[in-house]
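Sequential numbering of the sequence shown, starting at 626, is according to my numbering.
As structure tokens, the structure follows; a few thoughts come after it.
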Amino acid sequence: MTLAQNLETPRARIDFDQYPRVPLCHQPTAIEAMPRLSAHLGGPQLFIKRDDCTGLATGGNKTRKLEFLVGEALQQKADMLVTQGAVQSNHVRQTAAAAARMGLKCHVLLERRVPDRDASYEETGNVFLDKVFGATHEFRPSGLDMNAEAMAVAETLKSEGHRPFFIPGGGSNEIGALGYANCAQEIAEQCDRSGQRFDWLVMGTGSTGTQAGLVAGFQAIGYDLPVMGISVRQPRDRQMGAVHALTQKTLTKLNAGQISLNKIIVDDGYVGEGYGIPAPSTHEAIHLAAQKEGILLDPVYSAKGMAGLIGLIRQDFFKPQDNVLFLHTGGSVALFAYEAEILATQE
Ligand SMILES: *Cc1c(COP(=O)(O)O)cnc(C)c1O
């Protein structure tokens with residue numbers, strides 16, 4: 626890592642262009658105030674980092690990861706991206722678009738992870754866009770080791786003469802996480818320029834690359850902004866362990882030291898019945914963000930993250946004078962796979 630000293634601050638600056646990278650993401654993404662939601666909830670001042678507007682294929686957090694993952698794929702002379710996700714995976718949709726943009730083929734495995742969905746669930750939203758971007762797909766039942774499945778398919782494709790590059794689910798390895806270490810530096814620089822200070826960053830956490838990259842990035846540049854991950858799928862201890870492991874790998878890649886488990890902050894109070902199953906608090910978050918701020922959240926990730934933010938405000942977790950930044954990780958395309966229940970839960 627090359628470290629250059631910024632003249633105004635003693636912080637380290639990471640040159641992310643030292644890693645293989647392709648430009649896919651509109652950046653910096655905007656940081657906006659949410660005054661009507663703040664007033665409605667009567668808590669701290671709320672702000673939103675618009676990573677739903679990263680510019681690729683309706684946007685989302687996977688685009689930042691894919692800059693580095695596709696950079697690595699091109700370095701390895703791949704001609705095809707292979708990845709996996711749930712049926713309504715935003716990661717798969719953004720990977721399909723990134724492949725098209727770079728002239729690569731794309732093959733994906735879709736896990737039937739969410740039970741009891743209506744027929745349109747496998748046709749609309751992200752699945753529809755995967756097809757529009759020209760990706761080929763195959764389904765799998767739930768409960769398999771999906772990364773192992775996708776690696777096995779990649780081996781078969783290789784034996785057929787393709788040059789596949791395997792991207793793990795969610796793009797969550799230490800290469801993909803660089804995208805969020807870069808975002809951490811971007812947030813610090815935006816705050817330097819605007820004079821704004823945040824006391825907390827709150828976000829939904831799933832395959833862990835986003836939270837791990839942010840925590841690693843803030844540590845690597847020496848910027849103090851605690852990151853609260855709201856789990857969208859699994860209990861706190863397991864999510865903390867997984868985020869911690871990838872944070873450590875990312876820090877090693879950045880040559881930026883060690884991190885202890887107690888620096889990883891996760892709340893699992895908003896998962897509901899499981900991955901992809903909205904809880905009442907998820908529905909409330911979708912309706913509040915839409916009607917107070919004109920912001921579209923998604924029912925699988927960002928609305929569970931926002932439900933966590935709302936719940937923490939109601940528990941007086943924050944001080945009234947705090948400034949809290951919510952990271953909008955995207956995903957609104959998945960709303961179309963949940964239309965009926967979202968309209969049915971509107972007040
Ligand atoms: C993938 C995803 C997340 C979670 O990010 P991870 O890096 O997998 O933890 C959050 N929000 C949306 C919309 C996503 O697609």
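Idealized CB from N, CA, C, for every residue including glycine.
Check                                                                                                                                                             : Outcome
Going by alpha carbons, who is nearest to residue 679 out of 804, 926, 818, 831?                                                                                  : 804
Between the beta-carbon of residue 829 and the beta-carbon of residue 894, is there less than 8 Å?                                                                : no
Out of 862, 960, 943, point me to the one whose CA is closest to residue 901's CA.                                                                                : 960
By a C-beta neighbour count over all protein chains shown, 10 Å radius and 16 as the cutoff for buried, is residue 648 buried or exposed?                         : exposed
From what residue to what residue does the alpha helix (DSSP H) around residue 844 run?                                                                           : 834 to 846
Would residue 770 be called buried (16 or more neighbouring beta carbons within 10 Å of its own) or exposed?                                                      : exposed
For the structure I just gave you, are there three or more beta carbon pairs, one from the region 870 to 881 and one from the region 786 to 795, closer than 8 Å? : no
Check for me: the alpha helix (DSSP H) holding residue 586 runs from which residue to which?                                                                      : Since the displayed the chain opens at 626 and closes at 972, residue 586 lies outside it and no answer follows.
List in chain order: all unbroken beta strand (DSSP E) runs of 3+ residues lying wholly within the region 861 to 908.                                             : 890 to 892
Mapping the DSSP letters down to three states, classify residue 823 as helix, strand or coil.                                                                     : coil
Please confirm whether residue 834 and residue 801 have their CB atoms less than 8 Å apart.                                                                       : yes
Say yes only if the C-beta of residue 836 is nearer than 7 Å to one or more non-hydrogen atoms of ligand 1, and no if none qualify.                               : yes
Looking at C-alpha atoms only, which residue of 747, 918, 758 is the closest neighbour of residue 732?                                                            : 758
Do you know offhand how far residue 727's Cα is from residue 664's?                                                                                               : 44 Å
In angstroms, rounded to a whole number, what distance separates the CA positions of residue 751 and residue 913?                                                 : 23 Å
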